[in-house]
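If you use the working numbering, the sequence shown corresponds to residues 1 to 157, in order. We put the beta carbon where it would ideally sit given N, CA and C, even for glycine. Owing to the predicted nature of the structure, the values given are computational and were not obtained by experimental measurement.
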Amino acid sequence: MKNIMIALIGMVFFTACHPKIATKPVKTALFSEGNQVRNGNFTGEVWLNMLMPADTTYNSHIGSVSFKPGARTNWHYHPGGQILLVTEGKGWYQEQGKKVQVIQKGDIIKCLPNVHHWHGASATDRMTHLAIGTNINKGTVVWLSKVTDEEYQYVGE
Ligand code: MN
């Protein structure tokens with residue numbers, strides 16, 4: 001009986017000292033979404049937080065770009081190249097003449113200079129990536145045609 005009482009007291013004490021943690025939803029986004037992009041270079045809802053504007057010391061710029069489901073860039077290329085670091089969600093990336101790649105949190109994508117491509121969210125998931133423009137003295141981006149709904153729907157998985 002004494003042993004049971006000790007066990008019970010021990011349980012109460014243990015429980016009291018170990019409350020459950022984190023019942024609130026955790027905000028996981030690495031950076032805030034910034035401002036909504038409202039120009040003709042994208043389809044759907046896209047947000048941009050320019051973390052480091054064009055910098056001549058580092059010869060690069062860095063932005064966090066957030067795509068809501070279905071949102072994507074137009075076709076484009078970077079004369080100086082670009083590196084994408086996916087920080088949230090799941091999306092699609094395609095280089096001209098190649099199959100679409102599924103990209104997700106933790107992936108690193110190297111967009112070689114002058115290779116035509118597009119990137120964005122998948123049809124059902126949002127996706128955020130850091131976009132690092134490299135060698136920006138050679139030019140940052142040249143925009144091409146829209147990724148049509150037909151091209152985007154063709155993606156599948
Ligand atoms: Mn790009």
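- By the CB criterion at 9 Å, G70 and A123 fall inside the cutoff.
- Taking one beta carbon from each stretch, the segment 101-108 and the segment 84-91 have 3 or more pairs nearer than 8 Å; the two touch.
- Residues of the same chain with a CB within less than 6 Å of the CB of F31, apart from the 5 flanking positions on each side, are N49 and S64 in chain order.
- Taking 9 Å as the cut-off, the beta carbon of S60 is found no closer than this to the beta carbon of E33.
- In the DSSP secondary-structure assignment, I62 is bridged to M52 and I132.
- Taking all protein chains in view, the Cβ of T73 is crowded by 16 or more other Cβ atoms within 10 Å, so the residue is classified as buried.
- In the structure shown, Y154 adopts coil according to DSSP, grouped into three states.
- If you check the CB distance, G120 and G91 come in under 9 Å.
- The ligand MN has a heavy atom closer than 8 Å to the beta-carbon of Q82.
- Around the C-beta of R38, fewer than 16 other C-beta atoms lie within 10 Å, and the residue is accordingly described as exposed.
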